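Peer 1: Residue numbers (the working numbering), protein chains in the order written: chain A, 1341 to 1657; chain B, 1341 to 1657; chain C, 1341 to 1657; chain D, 1341 to 1657.
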């Protein structure tokens, strides 16, 4: 009975959050650097929560696919750690960057080693590790299959229009890759890692699919349906720590302060948030705040955390 | 029976950690910028853990007082939030700084607003809020009484030699204060806030006393002995979030990654670490690592977290 | 006959420049950080040129005293080089700073050594050298006597109101001094150097007096009336080089590009410009451009350089 | 008779300088980032001076060709100013950078506009202007013909091995170009401008040839043999101003202070220095000082300036 009530209460919370967000007048600014992102309406809002018991709870546009963009960095980081373990950390740091997501300044000061795997430079290094000298096409297929497996959903796709648009405009990422190559921190064939990077960012998932894909992170690294150990419990906790510390660019401190849950945002307006042992949450609203994170998505997660008490800093958790 | 076992196991863990740390050949470098700190032997190691049930567990030099230095910033932040609540955040930010504890660069770029209350500039603003135009002597007394009350221990003192040494050499802090004053972010009488700052850093506590003082932070803001609400549960979680995000200067990401517990370090070699709902922990070893945090103290907390599973990212917590 | 014509032509040029500047609609922004500067009318414009033959040519408000502010740094640099010669360069650099006049960032990156003697931090170190452990009052008298001697004019004064206002508001300079002290690059008694610095900036000269004071810099270091060697020919050329490279903060490149004459500006709107072997020029108009240099003063010097061919890059010079 | 004496004295000065440099034990470090540069012996030293009367004076290895590298930036800047005049300055600044030649930090802070045309980023923009949408091969031919014309010497070549090596290793320059492209400050086809840039840097000239090529800069922009106006007198003075302000990266202040002559250095160890109206000077020694400028070349020019009185800050010039 208690479980039923709790679940009913969660559905009521999500419903109330959805109503509040649907009515919100200030919805942030949709990313406009590529046409495919610019044409998405800021009116969208969706949320999906998957509990430890496997139950799925959604509200709003929870089944509309969107471009997950930087949220994909969580999945490629997992793949890179699977392949190379802690060797990865000789090529990328684990500290908050204190600057914007595409900053090149820090790279110069620190000899081509990106501060963490969630700023663009760090994610490009991670893509280089995942690529591992293979053909980009093969690695792109690997990433897509990995995310489908995590989400138990073969319908997930990569939006090639988005990927090609990013490749055609992402000169700052090309600059970052070449800059790191000049320090010896990239395979000489940077085009390959960049191609993978542009394609992983173009992964198209709905909130439901994204929350499904994130289940292993609330579950100590184990796939809840197959029982497969995707990654060790220790590394799972470390990925969650990185999400909390660095998952929202230079708005990470604010997010930890207000929401208190590990999360990773993308400029498509999606956020994946993990309550260890409790819930895998995906939220989506395309309008961004000044730090480049989903404005309503952040508000929604703050509401959800307040209503449920979900916070890694909560003593009763 | 189970409780007894768990407690016995904790004592065994602390004992093993103490033995390992006593034998550690690499002990870091003792801070030498003032004579009182420089003369402390790097051989010291102490740890104290207070559980939610009030039981106290110690090993090593847990009853030797040391200069808590920047750990004091947690207590003055609590006092400032008591006084002014969220108004504080118009004068100090909540983001990791991405640079060293005494950096002045960020202040210039961001118009005199320190990134967070745990870098020196931010803590000086917090001291200015605590001082609130009063006489420094009175405010110093307030801080001392507050910490004694938190720890339920009237024997806690401020080491005036340390305070005076810091006042006589802390020119960079004088520079920070005047720099913020030039932006209008300090009371014109900066000497008062600086005097308070130098004295709070000179608070002298043992590991046992420090862990006692930190109990309210594991206990949703309530003093476990008196039942007094020191600060609201929400603000308590936020202080813990700030400790995790910013408590170890530009080694905060590393600490969150390895230990996963909110903590605040000081150059005297002390660290206060909080496991919400579980434990208040103090550890002390004077030798520092390259980021200015206690080398063995950090190792000890990593060992403790591994052995106990205490991590805010642990699903079973 | 030719000399008479050249002189007549110079007077005509100055007269035309004065007329153009009197009519200029865009006059820049008067510095307003202290009341004494803020109340000066932007309508003022004055210019004085002293040729190698000693003849004096003026136009506009050439006899109205104004606060020379940072132009004074040229004179205290001369005094410091008289005292210590090239030893000075262990405490202050000789490179353009690439940043604003009161930037503290560069100091952090370069261990408390200011980039050059004309940014505020560098000038404060120079004042510390001039002070040399003496009483500030005595050193202030020395500087005043030195400038009077250079200008052959006992009527020059220091405006104590300006000096006191700057002392009461110059917290950023207090910050710079304490910051350098923390690196050991200031005498511990920073108040003395700051007092001297605030008073030298409050020197009050007319264009005529300032051009007179600058004569030694066009004359290989020798006072043209007394024949006294103020400073060696080599050091004179080096002071002129520093003025060209660093005399207009981060507008120095632009000034060298457009005007091509060594010059030093101040926020009071004055500029001292030196054509080696030819002319000592002072210009004054209180409105500043975006880089903090006199807007009309800069225009006037560009006009003068174009009309006379005075440029250190002119082959016919 | 006087002319003969002066000339004889110059030959004696060059001879003495050559002897001193031949014997110098500390010769700096040869650039080693590409094999073609690394294999050049640091024992080389050469100097060539061309006076306004056309007489040529040399000492040492004045007829050994070397890779002029960044000295070429002076010639492409001249070509870009010929083509577009002051429009160029909307894409590149005129201020000293205050940082290293290949710094990317400043670009981020200033929206993709390089500080000046002599840092790498600025020179790449200049090459983009020179290319002007043409085929790189054609533009490379234009630059080669231009330098041959300036030097009146058809034997000058581009070392394709050097150009190809730079293309194969110059990833930081690729990063700079893409970074500026992301700000819209490069033609999308960055490969073309980079190809031109790598080839202009591979121009191979002896001191004699380089001093010949620089004659127009001492001669108000006019080719002394053909009488052709290469560039206007005003722009000539401005190029010389830029050389003085920015020609030696973040050693420019030091060079202006010690030598006082507009100059441009290259990592091949060459320096072109211009005494307006007097002399075009080329010096070469492959070992570099800490700022990346020829160590003995700089010393030699300081000796030459002292012995001849050549300095733009010299009143008797």
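Built from N, CA and C at the ideal position, the CB exists for glycine as well.
Small disclaimer: the values here were computed from a predicted structure and weren't measured.
Select from 1398/B, 1482/B and 1385/B the residue whose C-alpha is nearest the C-alpha of residue 1351/B.
Peer 2: Translated into positions along the second chain, residue 1351/B becomes position 11. The option with the nearest alpha carbon to residue 1351/B is 1398/B.
Peer 1: On the DSSP bridge assignment, give the partners of residue 1397/A in chain order.
Peer 2: Counting from one through the first chain, the residue named residue 1397/A turns up at place 57. DSSP lists 1389/A as partners of residue 1397/A.
Peer 1: Helix, strand or coil for residue 1481/B? Go by DSSP, reduced to three states.
Peer 2: What you label residue 1481/B is simply residue 141 of the second chain in a count that begins at 1. Residue 1481/B falls in the helix class under three-state DSSP.
Peer 1: Report the neighbours of residue 1592/B on chain A: residues whose CB is nearer than 8 Å to its CB, in chain order.
Peer 2: As a first step, residue 1592/B is located in the second chain; it is residue number 252 there, counting from the start. Per Cβ cutoff of 8 Å: 1435, 1436 and 1585.
Peer 1: Counting only runs of 4+ residues fully inside the region 1588-1625 of chain C, write out the alpha helix (DSSP H) ranges in chain order.
Peer 2: With a minimum length of 4 residues, the continuous alpha helix (DSSP H) runs that stay inside the region 1588-1625 of chain C are 1592-1598.
Peer 1: Any residues in the region 1530-1549 of chain C with a beta carbon nearer than 7 Å to a beta carbon of chain B? Which ones, in chain order?
Peer 2: Listed by position, the residues of the region 1530-1549 of chain C near chain B (Cβ gap below 7 Å) amount to none.
Peer 1: So what does residue 1370/B bridge to, in DSSP terms?
Peer 2: Position 30 of the second chain, counted from the start, is the residue given in the question as residue 1370/B. DSSP output for residue 1370/B lists 1627/B as bridge partner(s).
Peer 1: Could you tell me the boundaries of the alpha helix (DSSP H) in which residue 1516/C lies?
Peer 2: The residue given as residue 1516/C occupies position 176 in the third chain. Taken as a continuous stretch (DSSP letters only), the alpha helix (DSSP H) holding residue 1516/C covers 1511-1522.
Peer 1: Take the Cβ of residue 1365/B as the centre, count every other Cβ of all protein chains shown within 10 Å, and call the residue buried at 16 or more, exposed below.
Peer 2: Indexing the second chain from 1 puts residue 1365/B at position 25. So residue 1365/B ends up on the exposed side.
Peer 1: Pop quiz: residue 1552/D and residue 1499/D are said to be a contact at Cβ under 8 Å. What is the actual Cβ separation, rounded to whole angstroms?
Peer 2: Residue mapping note: residue 1552/D aligns to position 212 of the fourth chain, counting from 1. Residue mapping note: residue 1499/D aligns to position 159 of the fourth chain, counting from 1. Going by Cβ atoms, the distance from residue 1552/D to residue 1499/D rounds to 19 Å, so no, they are not a contact pair.
Peer 1: Residue 1550/D to residue 1480/D, Cα distance in whole Å?
Peer 2: On the fourth chain, position 210 is the one that residue 1550/D refers to. On the fourth chain, position 140 is the one that residue 1480/D refers to. If you take the alpha carbons of residue 1550/D and residue 1480/D, they lie about 18 Å apart.
Peer 1: Can you list the residues of chain B that residue 1582/A reaches, using a CB-CB cut of under 7 Å?
Peer 2: Residue mapping note: residue 1582/A aligns to position 242 of the first chain, counting from 1. Near residue 1582/A (Cβ distances below 7 Å), the residues of chain B are 1597.
Peer 1: Which two residues bound the contiguous alpha helix (DSSP H) that contains residue 1412/C?
Peer 2: Working through the third chain from its first residue, we reach residue 1412/C at position 72. Taken as a continuous stretch (DSSP letters only), the alpha helix (DSSP H) holding residue 1412/C covers 1412-1424.
Peer 1: Would you tell me roughly how many angstroms separate the C-alpha atoms of residue 1541/A and residue 1416/B, rounded to the nearest one?
Peer 2: Start at 1 with the first residue of the first chain, and residue 1541/A comes out as number 201. Start at 1 with the first residue of the second chain, and residue 1416/B comes out as number 76. Roughly 44 Å separates the two Cα atoms.
Peer 1: Relative to chain D, which residues along the region 1610-1625 of chain C have a C-beta separation below 7 Å, given in chain order?
Peer 2: Listed by position along the chain: 1616 and 1617.
Peer 1: Look at the alpha carbon of residue 1419/C and the alpha carbon of residue 1476/B, and state the distance between them as a whole number of angstroms.
Peer 2: Taking the third chain and counting its residues from 1, one reaches residue 1419/C at position 79. Taking the second chain and counting its residues from 1, one reaches residue 1476/B at position 136. One C-alpha to the other measures close to 42 Å.
Peer 1: Quick one: what's residue 1407/A bridged to in DSSP?
Peer 2: Locating residue 1407/A in the first chain gives position 67, counting from the first residue. 1544/A, per the DSSP bridge assignment.
Peer 1: Could you check whether residue 1619/D and residue 1391/D sit closer than 9 Å to each other, using their CB atoms as the reference points?
Peer 2: Here the question's residue 1391/D lines up with position 51 in the fourth chain. Here the question's residue 1619/D lines up with position 279 in the fourth chain. Yes, the Cβ-Cβ distance between residue 1391/D and residue 1619/D is below 9 Å.
Peer 1: Contact check, residue 1600/C vs residue 1581/D under 8 Å by CB: the rounded distance?
Peer 2: The residue given as residue 1600/C occupies position 260 in the third chain. The residue given as residue 1581/D occupies position 241 in the fourth chain. The pair is a contact, with the Cβ atoms about 6 Å apart (cut-off 8 Å).
Peer 1: For residue 1569/D, collect the residues of the same chain with a Cβ closer than 7 Å to its Cβ; drop the 5 residues on either side in sequence, then sort them by chain order.
Peer 2: Translated into the one-based positions of the fourth chain, residue 1569/D becomes position 229. For residue 1569/D, where only same-chain residues beyond five positions count, the Cβ hits under 7 Å are 1561 and 1562.
Peer 1: Which whole-angstrom value is the C-beta distance of residue 1452/B and residue 1361/B, which I expect to be below 8 Å?
Peer 2: The residue labelled residue 1452/B in the question sits at position 112 within the second chain. The residue labelled residue 1361/B in the question sits at position 21 within the second chain. Not confirmed; about 41 Å, so no contact.
Peer 1: Have a look at residue 1491/B and residue 1543/C and give me their C-alpha separation to the nearest angstrom.
Peer 2: The residue you call residue 1491/B lines up with position 151 of the second chain. The residue you call residue 1543/C lines up with position 203 of the third chain. Rounded to whole angstroms, residue 1491/B to residue 1543/C spans 58 Å at the Cα level.
Peer 1: Hey, does residue 1456/D have any beta-carbon neighbour from chain F nearer than 9 Å?
Peer 2: Among the chains of the structure shown, chain F does not appear; the protein chains present are A, B, C and D.
Peer 1: Nearest by alpha-carbon distance to residue 1407/C: which of 1367/C, 1612/C, 1557/C and 1518/C is it?
Peer 2: Walking along the third chain from the start, residue 1407/C turns up at place 67. Nearest option by C-alpha distance: 1612/C.
Peer 1: Identify, in the order they occur along the chain, each residue of the same chain with its Cβ nearer than 6 Å to the Cβ of residue 1643/B, setting aside the five sequence neighbours on each side.
Peer 2: By one-based count along the second chain, residue 1643/B stands at place 303. These residues qualify, in order along the chain: 1357.
Peer 1: Between the region 1635-1651 of chain C and the region 1590-1609 of chain C, do three or more beta carbon pairs fall short of 8 Å?
Peer 2: Counting Cβ pairs under 8 Å, three or more are found: they touch.
Peer 1: Does residue 1651/C have its Cβ less than 9 Å from a Cβ in chain D?
Peer 2: If you number the third chain from 1, residue 1651/C lands on position 311. So yes, residue 1651/C belongs to the interface.
Peer 1: For residue 1657/A, collect the residues of the same chain with a Cβ closer than 6 Å to its Cβ; drop the 5 residues on either side in sequence, then sort them by chain order.
Peer 2: To locate residue 1657/A, count along the first chain from 1; it is residue 317. Caution applies to residue 1657/A, whose pLDDT of 45 falls short of 50 and renders its modelled position unreliable; the model cannot decide the point.
Peer 1: Indicate the three-state DSSP secondary structure (helix, strand or coil) for residue 1437/C in the structure shown.
Peer 2: Taking the third chain and counting its residues from 1, one reaches residue 1437/C at position 97. Here residue 1437/C sits in coil by DSSP.
Peer 1: Please identify the residue among 1647/C, 1393/C, 1577/C and 1622/C whose C-alpha is closest to the C-alpha of residue 1309/C.
Peer 2: A question about residue 1309/C goes unanswered here, because the residues of chain C that appear run from 1341 up to 1657.
Peer 1: Cβ closer than 7 Å: which chain A residues qualify as neighbours of residue 1522/D?
Peer 2: In the fourth chain, counting from the first residue as 1, residue 1522/D sits at position 182. Correct list: 1511, 1512 and 1515.
Peer 1: If contacts are defined as beta-carbon pairs under 8 Å, then residue 1603/B and residue 1368/B qualify, I think. What distance do you get, rounded to the angstrom?
Peer 2: Taking the first residue of the second chain as position 1, residue 1603/B is located at position 263. Taking the first residue of the second chain as position 1, residue 1368/B is located at position 28. Residue 1603/B to residue 1368/B, Cβ: 16 Å. No contact.
Peer 1: What are the start and end residues of the alpha helix (DSSP H) that includes residue 1526/D?
Peer 2: Residue 1526/D sits at position 186 when you count from the first residue of the fourth chain. From DSSP, residue 1526/D is part of no alpha helix (DSSP H); its letter is neither H nor E.
Peer 1: Going by C-alpha distance, which of 1546/B, 1588/B and 1430/B is nearest residue 1387/B?
Peer 2: Here residue 1387/B refers to the residue found at position 47 of the second chain. It is 1546/B.
Peer 1: How about residue 1564/C: is its C-beta nearer than 9 Å to some C-beta of chain D?
Peer 2: As a working note, residue 1564/C is residue 224 in the third chain. Chain D contact via Cβ: absent.
Peer 1: Where does residue 1455/C land, buried or exposed, given buried means 16+ other C-beta within 10 angstroms?
Peer 2: On the third chain, position 115 is the one that residue 1455/C refers to. Label assigned to residue 1455/C: buried.
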